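Residue numbers (full-length UniProt numbering): 1 to 481.
The C-beta atom is built at its ideal place from N, Cα and C for all residues, glycine as well.
None of these values were measured; they are calculated from a predicted model.
Since the structure comes first, as C-alpha cells, the remarks are kept for the end.
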Ligand code: SF4
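Structure representation (C-alpha cells):
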C-alpha cells in the first residue's frame, strides 16, 4: 500500500496536523452545504453565504500555504471529494487567481449535479478572471426584474413546488399538499426568492440554465413604480404541471428505462390534482403540461387535459410540451384540444432518424415528422399560436443543429429552441462528461464552436437559451457578429 508520504498529495504529506484536520472539518460541512443549496435550514441561510463563512474560518486559522495545499489536494482528488470541498477549494483558487484550477474543480461538480449554482458562478467568474466572484451577468442582473416568482409555479414529482424549472431555480417553495391553500405560494422560501429578485442579487437563479438570464431577456427594473409585495395576494397566472414522469418513450438524457405510473398511483395523483391543484389551475391563464414526462404518455395528464377541456374558459389556455409521438389528429380530437391550446413545444434532439432512435429510445422518426406536419398545418391555419421544436445539445447530435433549424421551417414550426445538456443525476459524472460537448474540456468542443458560427443561428426563429454565450463566442472567433 502506498504510504501517505509517498502519494504526492501536498495535504496528506503535510507534517502539520492541522492540514488533515482541515480536510476532515471541511468534509463534515458537506451535508449542511447540500441542505442550504435548497434553503433547507431556513430562508436566510443559503449555500453561498455558508461557503463565505467557511472561507472566513479558513482565513482565520490557516496560512496561504495551507490553502494552496488544499487546492492542490482538491485538484488531485477531485473525482472523489465531496461537493463542499470542491466549491471551497474552487473559491480559494479563484481568490488566488488560479483560474484553471477553479474551472476544473467547479466543472467536476457541475458534471455531477447541474443544480449547483455556486459551481456555475465560480466557472463564470474564472472565465472572466474575476477574483471577487462578481461577473458581467451579476452586474446586468442588478438592473433587471423577473416576474416569474410573482406569477408562476411548477409542481414536481417529489410533491414539491417551485416557481420555475428546478434546473433554473433549485429551491422549492413548499409542498403541494401544504395544509394552507397558499402554504407554498407565500411560504418563507417563496418570499426569500422574491426578495432576491427584487434586490437584484438573483441568488437562487441559475445564470446558465434560466433562459431569461442566459438569453438576456429579463426586462429592465422599472423606476418610479412601487415594487410588488413579497406576499403575493393573487395566485399564479401560469401553472406548470410536472408531477408525473410517465412517458411513452425513455430518452437516455432523462431516464434509464420506461416510466409508466400504475393505475393505483394514477388515481392517487388524480385525487391530489382535484384537491390541491384544481383550485389554483382554475384561476390561472396558462397551464403547461408537462416538464416531467409526456402529456399523452401519462394517464394522469390525459385525465387532466380531459378535465380542463371539458369546461371551456375564455381566458385559460393550455401549453403542451411533448415528444410529439402521440400528438396526432386523433388525440387532438379525442381530447378536445381545439380552441384550448395556445402553444406546442416538441422535444426532439435530432434531425436524422438514426440519431433520433438513439436519443428518443422507443421513438419513430417517420411518425414524428407526420405529426409535426399535422401540427404545422394547425399553426399555419392559426389554430395554435406557437409551434416550437426543442433540441438538447450533446455529443451525439451537435452536428445536426443547422439541419434542425431547416427541419423546423420545413414542417411549419415558428422556430427552434436549443439548450445545454444537464445532468439530472441519472448518469455518472464520467458518462455526462463524454456527452457534454458544451464543456470546453470536451474533445469535440472546438468542432461544436465551428458549427455554432453558422448564420442560421442568427434568426428570430432560433432561441438560444443556455447556448447564447457559446454562440456569441463562436461567432466572435470567426469575426462574425
Ligand atoms: S430569473 Fe429565471 S430562474 Fe430566476 S425567477 Fe426568473 S425565470 Fe426563474
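With a cut-off of 7 Å, the C-beta of residue 167 is classified as distant from the ligand SF4, since no heavy atom of the ligand falls inside that distance. At the C-beta level, residue 154 and residue 287 stay beyond 8 Å of one another. Between the ligand SF4 and the CB of residue 350, the shortest heavy atom gap is not smaller than 7 Å.
The alpha helix (DSSP H) runs of length 4 or more contained entirely in the segment 220-307 are, from start to end of the chain, 263-272, 278-283. If you look at residue 320, you'll find it in the beta strand (DSSP E) that goes 317-322. The alpha helix (DSSP H) runs of length 4 or more contained entirely in the segment 36-90 are, from start to end of the chain, 47-61, 64-76. With 16 or more other Cβ atoms from the protein chains shown falling within 10 Å of its own Cβ, residue 203 counts as buried. If you look at residue 386, you'll find it in the beta strand (DSSP E) that goes 386-393.
Inclusion of residue 71 and residue 100 in the CB contact set at 8 Å is not warranted, their separation being larger than that value.
In the structure shown, residue 419 falls within a strand segment according to DSSP collapsed to helix, strand and coil.
Counting only the Cα atoms, residue 334 lies some 22 Å from residue 278.
The beta carbon of residue 35 lies closer than 8 Å to those of 41 in the same chain, with the five residues before and after it left out.
Between residue 192 and residue 295, the gap from beta carbon to beta carbon reaches 8 Å or more. Our two residues, residue 426 and residue 84, have alpha carbons roughly 21 Å apart in a direct line. Residue range 353-359 is occupied by the alpha helix (DSSP H) that includes residue 358. For residue 136, no beta strand (DSSP E) encloses it; the enclosing alpha helix (DSSP H) starts and ends at 136-141. Within 7 Å of the C-beta of residue 259 there is not a single heavy atom belonging to the ligand SF4.
Here residue 144 carries a strand assignment [DSSP, helix/strand/coil]. Residue 156 has 242 as its beta-bridge partners, per DSSP. Taking the Cβ of residue 48 as the reference point, every heavy atom of the ligand SF4 lies at 7 Å or farther away. Exclusion of the five residues before and after residue 371 leaves 324, 327, 328 as the residues of its chain whose Cβ lies within less than 6 Å of its Cβ. When the beta-carbon positions are compared, residue 437 and residue 419 stay at least 8 Å from each other. Counting other Cβ atoms within 10 Å of its Cβ, residue 124 reaches 16 or more and is therefore classed as buried.
Residue 357 and residue 469 have their C-alpha atoms spaced approximately 29 Å apart. The residue from 459, 33, 224 with its alpha-carbon nearest to that of residue 119 is 33. Contact between residue 359 and residue 349 holds, with the beta-carbon distance rounding to 5 Å and staying under 8 Å.
Taken atom to atom, the span from the alpha-carbon of residue 215 to that of residue 465 is near 5 Å. Pairwise C-beta distances place the segment 263-280 out of contact with the segment 386-405, as fewer than three of them are shorter than 8 Å.
The beta carbon of residue 190 sits closer than 6 Å to the beta carbons of 173 from its chain, once the five residues preceding and following it are set aside; these are given in chain order. Residue pairing by DSSP puts residue 174 in a beta bridge opposite 161. Residue environment: residue 206 is assigned as buried (16 or more neighbouring CB atoms within 10 Å of its CB, all protein chains considered).
Pairing residue 268 with residue 22, the inter-Cα distance amounts to about 49 Å. Nearest neighbour of residue 25 by Cα position, chosen from 58, 343, 46, turns out to be 58. By the Cβ-count criterion, residue 266 is buried, with 16 or more other Cβ atoms from all chains shown falling within 10 Å of its own Cβ. Ranking 398, 244, 221 by CA distance to the CA of residue 444 puts 398 first. Cβ neighbours of residue 102 within its own chain (closer than 8 Å, five residues either side excluded): 90, 91, 93, 94, 122, 123, 125, 126.
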